[in-house]
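Reminder that position 358 of the sequence shown reads as 561 in my numbering, one-by-one numbering, no gaps. Here a beta-carbon is modelled for each residue, glycine too, at the ideal position from N, C-alpha and C.
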Amino acid sequence: MEPFEKRVWLSSPTMHGDEMKYIKEAYEANWVSTEGENLSEIERLICEKVGSRYAVPLSCGTAALHLAIKLAGIKQGDNVFCSDMTFAATVNSIVYEKANPIFIDTEYDTWNMDPVALEKAFELYPDTKVVLVVNLYGTPAKYDEICAIAHKHNAIVIEDAAESFGAKYKGRQTGRFGKYNVLSFNGNKIITGSSGGMILTDDEEGINKARKWSTQSREIAPWYQHNEIGYNYRMSNIIAGIVRGQLPYLEKHIDRKKEIYNRYREGFKDLPVTMNPYDANTMEPNFWLSCMLIDENAMCEQVRTDTQTSYVAESGKTCPDEILETLEKYNAEGRPIWKPMHLQPVNKEYTFITKDGKTDVGADIFNRGLCLPSDNKMTLEEQDKIIEIVRSCFE
C-alpha cells in the first residue's frame, strides 16, 4: 500500500460556508469584540438545543470549567472528585483554585467515571461537595447512578460535556446533568469556533456571576471599578460567528461520526478488539472519536515511559503504539487514549480511588486502547484503507 497523498486527520474542522457569512456580518457591523448578535444568538440556540435556561460563551472550555469550579464554591484546600481519564484541562480547572482533585477510576462499560468507585470515594472523603464528571469521547457517563450518589451526599455535579455536545442520555442532551455544565468549541470538536467554550446552568445568580467574572469583574460604575478578581474569558463575536454557522450542521456531523464508528466496528468484527462502548438502551453518543481496545491476549509486549514507547512485534498480535506508528507511516493520524490523570507526574500528590483498591481500569484502557482517524471528511475509500492498515498489524 502507498501512503495517503493527503493526510487523514484524527478530527479536523468541517466547515460549510455559513461561518463566513456571520464573520462577515460581524466585520461589517464592526462588532468584532466581545459583544454582538452572534454571541446572543449562540446563547439562545444552544440553550434551546440543550434545554438550559442560561449560558455564557467563553474563550475556551477550560475557562468555562474554571468558572464552574468557582461557582460551585470550591476554595483552597477543598476536595473535588474528578474523572481520572480525561484531558488535563478538566483537572487544571480545580488546581487553579488551589483545590485538591481526587481521581475516580474509569469503568469498562462507558470508559467514564465508575459509580462504584465514586461511592467508595464518598466513604473515604464524606465532606466532598463537588463531583466533576467527563463524557469521554462523546459518550455520556452513567448519570442516574452518579447524580443519585452525589445527591445522597449533598454534592454538586459539574458536567464536562466538552467532547459530547449533541449526545443524549435517556433522551436528554448532555450539558444538562450538572448544576453547572461545560461545552467546548475547540478546533477538533464535533462543531467548532476554532476555539471557544460555554458554561450552561439553570442558576440565574450563578450565570450572572460567571458573566461578570469573565469580563474582569467590572462593577457597574462610570469608571473601571473592581471589587473582586476577574478574568478575560469572554468569547469574541467573530468566534461566535463560526459557532453560529456550524450549529445547523451538528446533527449531520453526528450522523457522519456514527457512520465512521459503525464502519470500523464492522471492519474489525473478526479481530480481537472492541470499540469504545456505550449502552444503546440509555445512551446516544455523538461518536466524536472512534476508539478501539485490543484484547489482552492479542497484545504484544509494549513498554511506555513518561515520554517514550517501545514494543516487540509478534505475529498475530499487536499493540496501540505499533498501530499508531503504522498509521503515521501511511500519513494518517491516530492518538493514544487520554493518559489517566493519576499517572501524570504533575498530579503525583493527589489521591486516586478505584472500585476495589486494586484494579486500575483507566491504566488498562490507556495501555490497550487507541483513537482511530475519525475525521468527517474521510472518504469511504480512505476509511477502508485505514481498516486494512489496522488489520495488517495483527498479521
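Quick check: residue 456 and residue 293, are their CB atoms within less than 9 Å of each other?
Between residue 456 and residue 293, the gap from beta carbon to beta carbon reaches 9 Å or more.
For the beta strand (DSSP E) that contains residue 432, what are its first and last residues?
No beta strand (DSSP E) holds residue 432; DSSP gives it neither H nor E.
Give me, in chain order, the residues of the same chain whose beta-carbon lies closer than 7 Å to that of residue 464; leave out the 5 immediate sequence neighbours on both sides.
Here the set comprises 478, 490, 493.
Just to confirm before moving on: does the CB-CB distance between residue 417 and residue 336 stay below 9 Å?
Taking 9 Å as the cut-off, the beta carbon of residue 417 is found no closer than this to the beta carbon of residue 336.
Exposure label - residue 579; buried when at least 16 CB within 10 Å:
Around the C-beta of residue 579, 16 or more other C-beta atoms lie within 10 Å, and the residue is accordingly described as buried.
Distance, Cα to Cα, residue 284 vs residue 357?
Approximately 13 Å between the Cα atoms of the pair.
Looking at the secondary structure, which residues open and close the beta strand (DSSP E) in which residue 352 lies?
Residue 352 -> not in any beta strand (DSSP E); alpha helix (DSSP H) instead, spanning 346-355.
In the structure shown, what three-state DSSP assignment does residue 579 receive?
Looking at residue 579 - three-state DSSP - the assignment turns out to be coil, as it is neither helix nor strand.
Endpoints, alpha helix (DSSP H) assigned at residue 597:
Neither: residue 597 is in no alpha helix (DSSP H) and is coded neither H nor E.
Bridge partners for residue 414 per DSSP, in chain order?
Note: residue 414 sits in no beta bridge, so no partner.
Check residue 333 in the structure and name its three-state DSSP category.
Here residue 333 sits in strand by DSSP.
Using 10 angstroms around the beta-carbon of residue 204, count the other beta-carbons present and answer buried if the total reaches 16, otherwise exposed.
By the neighbour-count rule (16 or more Cβ atoms within 10 Å), residue 204 is not buried but exposed.
On the three-state DSSP scale, how would you describe residue 263?
Residue 263 falls in the strand class under three-state DSSP.
May I ask you to report which of helix, strand or coil DSSP gives residue 522?
Here residue 522 sits in coil by DSSP.
In three-state DSSP terms, what is residue 372?
Looking at residue 372 - three-state DSSP - the assignment turns out to be strand.
So what's residue 291 in DSSP terms, helix, strand or just coil?
Reduced to three states, the DSSP call for residue 291 is helix.
Reduced DSSP category for residue 556 - H, G, I as helix; E, B as strand; rest coil
If DSSP states are grouped into helix, strand and coil, residue 556 belongs with the strands.
I'd like the span of the alpha helix (DSSP H) that includes residue 567, first residue to last.
From DSSP, the alpha helix (DSSP H) with residue 567 extends over 564-571.
State the CB to CB distance for the pair residue 556 and residue 324, rounded to an integer number of angstroms; the pair is presumed to be in contact (CB under 8 Å).
Correct: roughly 5 Å between the Cβ atoms.
Given a threshold of 16 other Cβ atoms within 10 Å of its Cβ, counted over all protein chains shown, does residue 427 qualify as buried or as exposed?
When all chains shown are included, residue 427 counts as exposed.
Check each candidate in 303, 298, 316 and name the one with the smallest Cα separation from residue 328.
For residue 328, the closest alpha carbon among the candidates 303, 298, 316 is that of 303.
How about residue 519 and residue 454: do their beta carbons lie closer than 9 Å?
Their beta carbons are not under 9 Å apart, which means residue 519 does not touch residue 454 by this criterion.
Based on Cα-Cα distance, which residue from 550, 389, 367 lies nearest to residue 215?
For residue 215, the nearest C-alpha among the options comes from 389.
Just list the residues that DSSP pairs residue 204 with in beta bridges.
The secondary-structure analysis by DSSP pairs residue 204 with nothing; it has no beta-bridge partner.
Between 231, 256, 402, 481, which lies nearest to residue 310 when the distance is taken from Cα to Cα?
Checking every option, the nearest Cα to that of residue 310 belongs to 481.
Distance between beta carbons of residue 300 and residue 273, contact taken as under 8 Å
Contact holds; Cβ gap of about 7 Å.
Mark residue 545 as exposed unless 16 or more other C-beta atoms lie within 10 angstroms of its C-beta, in which case mark it buried.
Classification for residue 545: buried.
Quick check on the DSSP output: what are the complete alpha helix (DSSP H) runs of length 4 or more inside the stretch 229-253, in order along the chain?
Counting only unbroken stretches of 4 or more residues, the alpha helix (DSSP H) elements lying wholly within the stretch 229-253 are 240-253, in sequence order.
Does the beta-carbon of residue 271 have 16 or more other beta-carbons within 10 angstroms, so that it is buried, or is it exposed?
Classification for residue 271: buried.
Taking all protein chains shown into account, do 16 or more other C-beta atoms lie within 10 angstroms of the C-beta of residue 269, making it buried, or fewer, making it exposed?
Counting Cβ neighbours within 10 Å, residue 269 comes out buried, since at least 16 surround it.
Since I believe residue 553 is in contact with residue 305 (beta carbons under 8 Å), could you give me their beta-carbon distance rounded to a whole number of angstroms?
About 7 Å; that satisfies the 8 Å criterion.
Once the 5 residues before and after residue 228 are set aside, which same chain residues still bring their CB inside 8 Å of it?
Contacts found: 240, 241, 444.
Please classify residue 271: does DSSP put it in a helix, a strand, or coil?
Helix at residue 271.
If residue 575 and residue 589 are in contact, beta carbons under 8 Å, what's the gap, nearest whole angstrom?
Residue 575 to residue 589, Cβ: 7 Å. Contact.
Tell me which residue opens and which closes the alpha helix (DSSP H) that residue 325 is part of.
Taken as a continuous stretch (DSSP letters only), the alpha helix (DSSP H) holding residue 325 covers 318-327.
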